[in-house]
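Student:
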Amino acid sequence: MQGGFGMRHLHTVCALAFALALLALPGAAGAKAKPRPAPEPTLDERAAQVLDKACKALTGMKEFGFQAQVNLDLVHQDGSKIQTGRQMTVTVQRPGAFKVVTDADDIQAVTAFDGKTFTLALPGRKLYGRIDAAMDTDALMDMLAASYGIESPLGDLLSNAPCAKLSGAADGYYIGKAKVDGAVCDHLFFQGRDVDWQIWVEDSPAALPRKLVITEKKLPSAPQFSAVLGAWKTGPLDKDALAY
């Protein structure tokens, strides 16, 4: 791959490519009010069992990939919400490599990380950048969040500890059975102070997440992010799966 970027472009390219490729929620990087003390969250027994099974399954996977059909709300200044969709192909090799390819009407983007460098690319706009990043995936995510305020709803799936942020974060409830792309799933609902989220977990030994819905209820017009997850590959990756 040809091309490079100076440091003066780093903030812009990181914010654009990473936010669009991993799809940070609208407003997620904004200033947050000081949290108020809240009652200890409660998690009903059925929801706890399903979530624990899914977390163990996700944590146990060292190499995997999936596709995500994503829809997210873009909120305009007048409060109107416009939904946009993106198709993502995600490949992960823990503890320190991933590639995300995003294809949509408004953006084509690639982010790739090999444990040594983090590459950003917007091929349609002929923008490319690469920075040194000798760290694991979790450290990279922390760096991007701390330096650029960028966090992603799908970022936890890339993490080496995908459920670490969920413990005690919200009240949780078991809703019931539902189908996602023909797969019978257990539907869970979690209610937090600022964010509500739902997850549909496949009712099978694999216990894979098949759908996510996140509602930023404290932001104007309460924008939503949703992702239907499919085409899971949980075995060893192809030799060139992470190449870029």
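Mind the numbering: the sequence shown is residues -31 to -1, 1 to 213 in mature numbering (1 follows the signal peptide of the UniProt record, and there is no 0), read in order.
Every residue gets a Cβ at the ideal spot worked out from N, C-alpha and C, and that includes glycine.
Please check the pair Leu206 and Gln62, which I expect to be a contact at CB under 8 angstroms, by giving their CB distance rounded to whole angstroms.
Tutor: Indexing the sequence shown from 1 puts residue 206 at position 237. Indexing the sequence shown from 1 puts residue 62 at position 93. Leu206 to Gln62, Cβ: 6 angstroms. Contact.
Student: Is Ser116 buried or exposed, if buried means 16 or more other CB atoms sit within 10 Å of its CB?
Tutor: Here residue 116 refers to the residue found at position 147 of the sequence shown. Exposed.
Student: Pick helix, strand or coil for Gly(-26), following the three-state DSSP scheme.
Tutor: Start at 1 with the first residue of the sequence shown, and residue -26 comes out as number 6. Here the model assigns Gly(-26) a pLDDT of 35, short of 50, so the residue's position is not dependable, and the following value carries that caveat. Residue state, collapsed to three classes: coil.
Student: Have a look at the DSSP bridge pairing and note the partners of Gln36.
Tutor: For the purposes of this step, residue 36 is taken as residue 67 along the sequence shown, with counting starting at 1. DSSP output for Gln36 lists Thr58, Gly199 as bridge partner(s).
Student: Give me the DSSP bridge partner(s) of Tyr117.
Tutor: In the sequence shown, counting from the first residue as 1, residue 117 sits at position 148. The partner list for Tyr117 (beta bridge, DSSP) is empty, contrary to what the question assumes.
Student: Taking 9 angstroms as the threshold (C-beta atoms), are Leu20 and Ala132 in contact?
Tutor: Numbered from 1 along the sequence shown, position 163 holds the residue referred to as residue 132. Numbered from 1 along the sequence shown, position 51 holds the residue referred to as residue 20. According to the sequence displayed, residue 132 carries Cys and not Ala. Contact flag set, yes.
Student: Would you say Phe159 and Trp166 are within 9 angstroms of each other, going by their C-beta atoms?
Tutor: For this step, residue 159 is matched to residue 190 along the sequence shown. For this step, residue 166 is matched to residue 197 along the sequence shown. Yes, they are a contact pair.
Student: Going by C-alpha distance, which of Cys24, Asp47, Val44, Gln18 is nearest Lys134?
Tutor: Here residue 134 corresponds to residue number 165 of the sequence shown, with the count starting at 1. The shortest Cα separation from Lys134 among Cys24, Asp47, Val44, Gln18 belongs to Cys24.
Student: Would DSSP call Pro92 helix, strand or coil?
Tutor: Within the sequence shown, numbered from 1, the residue matching residue 92 stands at position 123. Helix at Pro92.
Student: Please name the residue, chosen from Lys202, Leu123, Thr80, Asp105, that lies closest to Leu41 on a Cα-to-Cα basis.
Tutor: Sequence index remark: in the sequence shown, residue 41 carries index 72 (1-based). Measuring from the Cα of Leu41, the nearest candidate turns out to be Leu123.
Student: Less than 9 angstroms between the beta carbons of Thr80 and Gln56, yes or no?
Tutor: Counted from its first residue, the sequence shown places residue 80 at position 111. Counted from its first residue, the sequence shown places residue 56 at position 87. Their beta carbons are not under 9 angstroms apart, which means Thr80 does not touch Gln56 by this criterion.
Student: Which whole-angstrom value is the C-beta distance of Lys180 and Val164, which I expect to be below 8 angstroms?
Tutor: The sequence position of residue 180 within the sequence shown is 211, counting from 1. The sequence position of residue 164 within the sequence shown is 195, counting from 1. That pair is no contact at about 16 angstroms.
Student: Is the beta carbon of Ala66 closer than 9 angstroms to that of Thr106?
Tutor: By 1-based counting over the sequence shown, the position of residue 106 is 137. By 1-based counting over the sequence shown, the position of residue 66 is 97. In this structure, Ala66 lies closer than 9 angstroms to Thr106 by Cβ.
Student: By how many angstroms is the C-alpha of Thr88 removed from the C-alpha of Cys(-18)?
Tutor: Counting from 1 along the sequence shown, the entry for residue -18 is found at position 14. Counting from 1 along the sequence shown, the entry for residue 88 is found at position 119. The pLDDT assigned to Cys(-18) is 45, lower than 50, so where the model puts this residue is not dependable, and the model offers no usable value.
Student: Can you list, in chain order, the residues of its chain whose CB lies under 6 angstroms from that of Arg15, leaving out five sequence neighbours each side?
Tutor: The residue you call residue 15 lines up with position 46 of the sequence shown. Here the set comprises Tyr143.
Student: Where does Asp72 fall in DSSP's three states?
Tutor: Within the sequence shown, residue 72 is the residue found at index 103, counting from 1. Here Asp72 sits in strand by DSSP.
Student: Provide the residue(s) that pair with Ala147 in DSSP beta bridges, ordered along the chain.
Tutor: Indexing the sequence shown from 1 puts residue 147 at position 178. In the DSSP output, where bridge partners are listed per residue, Ala147 has Cys154.
Student: Tell me Asp178's beta-bridge partners as DSSP assigns them.
Tutor: Sequence index remark: in the sequence shown, residue 178 carries index 209 (1-based). Asp is not the amino acid found at residue 178; the sequence shown has Pro there. Pro178 is bridged to Val170.
Student: In terms of residue numbering, what span does the alpha helix (DSSP H) encompassing Thr11 cover?
Tutor: Reading the sequence shown from its first residue, position 42 is the one you call residue 11. Unbroken run through Thr11: none, as it is neither H nor E.
Student: Between Ile119 and Leu113, which are expected to be in contact by the criterion C-beta below 8 angstroms, what is the C-beta distance as a whole number of angstroms?
Tutor: Residue mapping note: residue 119 aligns to position 150 of the sequence shown, counting from 1. Residue mapping note: residue 113 aligns to position 144 of the sequence shown, counting from 1. 5 angstroms between Cβ atoms; contact.
Student: Would you check if the distance between the CB atom of Ser190 and the CB atom of Val44 is smaller than 9 angstroms?
Tutor: The residue labelled residue 190 in the question sits at position 221 within the sequence shown. The residue labelled residue 44 in the question sits at position 75 within the sequence shown. Taking 9 angstroms as the Cβ cut-off, Ser190 and Val44 qualify as a contacting pair.
Student: Taking 9 angstroms as the threshold (C-beta atoms), are Thr11 and Gly141 in contact?
Tutor: One-based indexing of the sequence shown puts residue 141 at position 172. One-based indexing of the sequence shown puts residue 11 at position 42. Result yes, Cβ atoms of Gly141 and Thr11 sit closer than 9 angstroms.
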